Amino acid sequence: MQGSYAPSRRQVLGMGLGLAAGSLARRPWAQAANFDWMQQKGKSIVVTAPLSPYYTVLQKMIPDFTKLTGIQVEYQVVPEQQLRQKLTIEMTAKSPGIDVFASSMHVEKILFSAAGWYEPLNKYLDNPNLTPPDYNWKDFGPAGTYWGLKGDGTIVAIPMGVGLGAYMYRKDLYAEKGLKPTSTVDELIAAVKALHKPPAVYGYAGRGLKNANIPVWGCLTIALGGDYLDKTKTQLMTTTPEAVEAAKIYADLMRNFAPTGSIGFNWMEAQGAFTQGLVACWPDSIQFAAPFEDPTKSKVVGKVGYAPHPGSAKMKPFGGTAMDAIALNPFGKNKEASWLFATWVSSRPVHFHMMSEGAMIGTRTSIYADPEFVKAHKMPKAWIDAVAEALKNPRPQLPELRDVSLFRDTFGVALTKMIEGGDPKTLLEAATKEFEPTFQKGLKS
Amino acid sequence: MAVGARTLPSPRRARRGLGRHVYTLMILPAVVTILLIIAYPLVYTLWMAVHEYSMGAAGPPPFIGLANYRQLLANQRFLEAIPRTFLFTAIGVLGPTVLGTVAALVFARPFPGRGLLRTVFSLPMMATPVSVALIWQMMFHPQLGILNYLLSLVGIGPQPWIFSRTSALPSLALVETWQWTPFVMLIVLGGLAALPTEPYEAARIDGASRWQVIRYVTIPLVWPYIMVAIILRAIDALKTFDIIYVMTQGGPGTASETLNIFLYLQAFAFFNIGFASAVVVVYFLILMVMSVGLMITRQKTSWQ
């Protein structure tokens, strides 16, 4: 046929390779070229991370890291609970088997810091030969840097995703009742009461299961101006009027306005009920909102409002944070190569991709101001705005103490007893008395 | 005697000489392996139980004698977990034993489609406990679960299942029963297939009804097999961890916290390894006493 183009096999192969190379070069997480990424070429490192959507996204990007640096990565995926156990056992044994690990800072920060299980990172960050010039540590904002820093200014971990306690509500139901957006706990309670029409719609949803219920009560305490610990972090503040009042509010909402069986709910059950349109107000981690906007799973698409966690006269609306971070094993043998991995994974381009594709709530503040990010993200702009707003006033949603798991268990059991009708003040006093010796022991360590 | 032929040493000489040491050497690998696999962890557990051993603590763990055991005996949650564990075990043994035996009696008689139905009936046993737990957790959801929907079809109101302090443990035992009834059925079915036919012929000649045959011939004859199923089930139910942890984590509150869950929390959530080791020792003793008791019962019920 005249004028038709019939490429040879070699030409087709060449075009294919060209396209592949072109697509690699255009990868949105490509790094700036003015840094020697190849300085640790030929090294091998072991990276351990939990199973989560954004770490799954990261796992797929690992070949690009190897291409960029020449460093081979053995990437181990371990479920979160088992990862915590594995890390504790490996570190107790001072094993060099893991080079880089994901650390749940809200659980491990104090224990690991006290035991010397985090490699201090300041010397790497301050070294221009090891850290790219465009890295910008301060971009992580107050939520990220808070969790990555020890009190003495030592950086022990690089922020990744944050669990962000905020507020999700049915804006269509709010509009029907003429309610204005909620910014205080009193307004939250009023909205819950106004919208409670069971069994069609329950005013409130919350976690009742022990351990899981701590951040819910904790965020209410913070909202009323209280906290878990005093400013020096040497005194439990779990029997203050704010803590008791928060417990009363929590127990009342759970007992009278939450779906039947909420005492045994973790976030999944509450999320399911909200997704099916059975709940009006849900203060919890805002990353759980992903299915609300999925038309194949949700009955509330486009009907959900997002906001920071309500506050009070003593506290403006805030975000209750729990941090997942990347840390280096102090007993590891390839620390420079490990650091290069940590800087790459926490670089702005990689974070951008993990946040837009993997639903990670990163704390790099510049990303939230980027119009490209709003365009690339699957969640509505209102959700992104609420996240950015909550991150401006971050408050740890769990106490910073060594035995945080035991704290969650002890006070979690007390909270379930309150839902069943127990007296909040008496139960909080008993739980505080029970936990106090462990707390003191932790302080000494 | 042919040239070069040698006589073998007598057995007595062999025992006295090198042969005796050869026998010892031959069993040595097995002894060492057993010591390493069983005895060492046991001794190490006993050692940890008398130390304040906590992961992350600086320095060697201090010796504290029997303090962990004393603390254990004063621990309200531990004391509450013991009867709870036995209650769960009792339901988890009784349910599968009764239903499994009935199922075995049904499936022992030939009927069309028996092979297929027997396979289908055995499926729960083959499923991974964690998957089973996750599926049942969804089915138990008070608002969205299928179980309450099915109850609503027959006019029964919604139940809280695992989401209530009072019904959590029985609901978990229900899952245990669902999963392990086929296990009992298979054991009893094997027993039924091995029964002699003469007692049945004699019972028929004597004019026994079908129920009387089951009551006075089948059950007594198959009882040793049922006892084997009970022993295995009891040990297994006593150790149940996965479905409880996945579905309730011992909650609501501590309503379904069995010894296993208590032990897990102490060891792997709170990292109180010394205290957890004391729990292990006590738990091990409970298991031993129960197993030996059941073994003795089984000996008494076996055919003479």
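In order, the protein sequences belong to chains G and D.
By our numbering, the letter at position 20 of the first sequence is numbered 20, and the numbering carries on one by one without gaps.
In short: position in the second sequence from 1, add 1000, done, that's our numbering.
By construction, the Cβ of each residue, glycine as well, lies at the ideal position given by its N, Cα and C atoms.
Because the structure is a prediction, the values reported are computed rather than measured.
For this session: Counting only the same chain and skipping the five closest in sequence on each side, list residues whose C-beta sits under 7 Å from that of Thr343 (chain G).
Result: Numbered from its first residue, the first sequence carries residue 343 (chain G) at position 343. Only Thr131, Pro132 and Tyr135 meet the Cβ criterion.
Exercise. Taking the C-alpha atoms as reference points, what is the distance between Leu1285 (chain D) and Val404 (chain G)?
Worked result: As a first step, residue 1285 (chain D) must be located in the second sequence, where it is residue number 285. As a first step, residue 404 (chain G) must be located in the first sequence, where it is residue number 404. Rounded to the nearest angstrom, the two C-alpha atoms are 31 Å apart.
Exercise. Would you say Gln1179 (chain D) reaches chain G, if we count a Cβ-Cβ gap shorter than 8 Å as a contact?
Worked result: By one-based count along the second sequence, residue 1179 (chain D) stands at place 179. No, Gln1179 (chain D) lies away from the interface with chain G (no Cβ there is under 8 Å from its Cβ).
Exercise. Going along the chain, which unbroken runs of the alpha helix (DSSP H) with 4 or more residues stay wholly within the segment 244-304 of chain G?
Worked result: 267-275
For this session: Taking C-beta pairs closer than 8 Å, name the residues in chain D that Gly311 (chain G) reaches, listed in chain order.
Result: Sequence index remark: in the first sequence, residue 311 (chain G) carries index 311 (1-based). Correct list: empty, because the minimum Cβ distance to chain D is about 29 Å.
Exercise. Between His106 (chain G) and Ala223 (chain G), is the Cβ-Cβ spacing less than 8 Å?
Worked result: Taking the first residue of the first sequence as 1, we reach residue 106 (chain G) at position 106. Taking the first residue of the first sequence as 1, we reach residue 223 (chain G) at position 223. The answer is no: Cβ separation not under 8 Å.
Exercise. Using a C-beta cutoff of 8 Å, does Ile1162 (chain D) count as contacting chain G?
Worked result: Against the second sequence, residue 1162 (chain D) aligns to sequence position 162. Answer yes: the Cβ-Cβ gap between Ile1162 (chain D) and chain G drops below 8 Å somewhere.
Exercise. If you scan the segment 174-254 of chain G from start to end, which runs of the alpha helix (DSSP H) of 4 or more residues do you find wholly inside it?
Worked result: 185-195 and 214-223
Problem set entry | Min CB distance Phe1268 (chain D) to chain G below 8 Å | As a working mapping, residue 1268 (chain D) is identified with position 268 in the second sequence. So yes, Phe1268 (chain D) belongs to the interface.
Exercise. How would you call Asn975 (chain D), buried or exposed, if buried means at least 16 neighbouring beta carbons within 10 angstroms?
Worked result: Residue 975 (chain D) falls outside the range modelled here, since chain D spans only 1001 to 1304, and no answer is possible.
Problem set entry | Inter-residue Cα distance where the pair is Leu432 (chain G) and Leu236 (chain G) | Position 432 of the first sequence, counted from the first residue, corresponds to residue 432 (chain G). Position 236 of the first sequence, counted from the first residue, corresponds to residue 236 (chain G). In the sequence as presented, Leu is not what sits at residue 432 (chain G); that position holds Thr. When rounded, the distance between both Cα atoms is 8 Å.
Exercise. By the 10 Å Cβ neighbour count, where 16 or more other Cβ atoms means buried, how is Tyr1149 (chain D) classified, buried or exposed?
Worked result: Within the second sequence, the letter at position 149 stands for residue 1149 (chain D). Label assigned to Tyr1149 (chain D): exposed.
For this session: Leaving aside the five residues before and after Leu17 (chain G) along the sequence, list all residues of the same chain whose C-beta is less than 7 Å from its C-beta, in chain order.
Result: For the purposes of this step, residue 17 (chain G) is identified with residue 17 of the first sequence, where counting begins at 1. Confidence is the limiting factor: at Leu17 (chain G) the pLDDT is only 47, short of 50, which leaves the residue's position unreliable and the question unanswerable from this model.
Problem set entry | Contact set between Thr1254 (chain D) and chain G, taken where Cβ atoms lie within less than 8 Å | Within the second sequence, residue 1254 (chain D) is the residue found at index 254, counting from 1. Neighbours of Thr1254 (chain D) on chain G, chain order: Lys210 and Val413.
Problem set entry | Exposure label - Leu1066 (chain D); buried when at least 16 CB within 10 Å | The residue labelled residue 1066 (chain D) in the question sits at position 66 within the second sequence. Burial call: exposed.
Problem set entry | Ala414 (chain G) Cβ short of 7 Å to the ligand FAD heavy atom set | The ligand FAD is not part of the structure shown, which contains no ligands of any sort.
For this session: Examine chain D for any beta-carbon lying closer than 8 Å to the beta-carbon of Pro259 (chain G), and answer yes or no.
Result: For the purposes of this step, residue 259 (chain G) is taken as residue 259 along the first sequence, with counting starting at 1. Closer than 8 Å to some Cβ of chain D, the Cβ of Pro259 (chain G) qualifies, so yes.
Problem set entry | Sequence-distant residues of its chain with Cβ nearer than 8 Å to Tyr202 (chain G) (five each side left out) | Taking the first residue of the first sequence as position 1, residue 202 (chain G) is located at position 202. Closer than 8 Å at the Cβ level, and outside the excluded window around Tyr202 (chain G), lie His196, Phe257, Ala258, Pro259, Ala273, Leu278, Val279 and Ala280.
Problem set entry | Listed by chain order, chain G residues near Thr1248 (chain D) by CB distance under 7 Å | Taking the second sequence and counting its residues from 1, one reaches residue 1248 (chain D) at position 248. The answer, in chain order, is Gly264.
Exercise. Under 8 Å between C-beta atoms, does Leu1259 (chain D) make it to chain G?
Worked result: As a first step, residue 1259 (chain D) is located in the second sequence; it is residue number 259 there, counting from the start. Closer than 8 Å: no.
Exercise. Roughly how many whole angstroms lie between the Cα atoms of Tyr368 (chain G) and Pro291 (chain G)?
Worked result: By one-based count along the first sequence, residue 368 (chain G) stands at place 368. By one-based count along the first sequence, residue 291 (chain G) stands at place 291. Computed Cα separation, rounded: 21 Å.
For this session: Could you give the DSSP three-state label for Tyr75 (chain G): helix, strand or coil?
Result: The count along the first sequence starts at 1 and reaches residue 75 (chain G) at position 75. DSSP places Tyr75 (chain G) in strand when its eight states are reduced to three.
Problem set entry | Proximity of Val77 (chain G) and Glu357 (chain G) at Cβ, strictly below 8 Å | Taking the first residue of the first sequence as 1, we reach residue 77 (chain G) at position 77. Taking the first residue of the first sequence as 1, we reach residue 357 (chain G) at position 357. Not closer than 8 Å, so no.
Exercise. For chain D, is any of its Cβ atoms less than 8 Å away from the one on Gln276 (chain G)?
Worked result: As a position in the first sequence, residue 276 (chain G) is number 276, starting the count at 1. Yes, Gln276 (chain G) lies at the interface with chain D (some Cβ there is under 8 Å from its Cβ).
Problem set entry | Assigned secondary structure, Arg1298 (chain D) (DSSP; H/G/I helix, E/B strand, else coil) | For the purposes of this step, residue 1298 (chain D) is identified with residue 298 of the second sequence, where counting begins at 1. Arg1298 (chain D): helix per DSSP, three-state reduction.
Exercise. Taking the alpha carbon of Ile189 (chain G) as the point to measure from, which residue in G:Val244, G:Ala157 and G:Ala251 has its own alpha carbon closest?
Worked result: Residue numbering aside, residue 189 (chain G) sits at position 189 when the first sequence is read from its first letter. Answer by Cα proximity: G:Ala251.
For this session: May I ask which residues mark the beginning and end of the beta strand (DSSP E) holding Pro396 (chain G)?
Result: Start at 1 with the first residue of the first sequence, and residue 396 (chain G) comes out as number 396. Note, Pro396 (chain G): beta strand (DSSP E), Pro394 to Pro396.
Exercise. Does the segment 323-333 of chain G come close enough to the segment 154-170 of chain G that 3 or more CB-CB pairs lie under 8 Å?
Worked result: yes
For this session: For the segment 1052-1079 of chain D, enumerate the residues whose C-beta is nearer than 7 Å to any C-beta of chain G, in chain order.
Result: Met1055, Gly1056, Ala1057 and Ala1058
Problem set entry | Lys43 (chain G), buried or exposed, once every other Cβ within 10 Å from all chains shown has been counted against 16 | Translated into the one-based positions of the first sequence, residue 43 (chain G) becomes position 43. When all chains shown are included, Lys43 (chain G) counts as buried.
For this session: Could you check which residue in D:Thr1258, D:Pro1129, D:Leu1151 and D:Phe1262 has the C-alpha nearest to that of Leu406 (chain G)?
Result: For the purposes of this step, residue 406 (chain G) is taken as the residue at position 406 of the first sequence. Here the closest residue by C-alpha is D:Phe1262.
Problem set entry | Sequence-distant residues of the same chain with beta carbon closer than 8 Å to Leu1147 (chain D), five excluded per side | Looking up residue 1147 (chain D) in the second sequence gives position 147. For Leu1147 (chain D), where only same-chain residues beyond five positions count, the Cβ hits under 8 Å are Met1139, Phe1140, Gln1159 and Trp1161.
Problem set entry | Contacting positions in the segment 1163-1197 of chain D - beta carbon closer than 8 Å to chain G | Taking 8 Å as the Cβ-Cβ cut-off against chain G, the residues of the segment 1163-1197 of chain D that qualify are Phe1163, Ser1164, Arg1165 and Ala1168.
Exercise. How do the segment 1097-1117 of chain D and the segment 1182-1195 of chain D stand: do at least 3 beta-carbon pairs fall below 8 Å, yes or no?
Worked result: Between the segment 1097-1117 of chain D and the segment 1182-1195 of chain D there are three or more inter-stretch CB-CB distances shorter than 8 Å, so the stretches are counted as touching.
Problem set entry | DSSP state of Pro53 (chain G) mapped onto helix, strand, coil | Translated into the one-based positions of the first sequence, residue 53 (chain G) becomes position 53. It is helical.
Problem set entry | N-terminal and C-terminal residue of the beta strand (DSSP E) that Ile158 (chain G) is part of | On the first sequence, position 158 is the one that residue 158 (chain G) refers to. Taken as a continuous stretch (DSSP letters only), the beta strand (DSSP E) holding Ile158 (chain G) covers Ile158 to Arg170.
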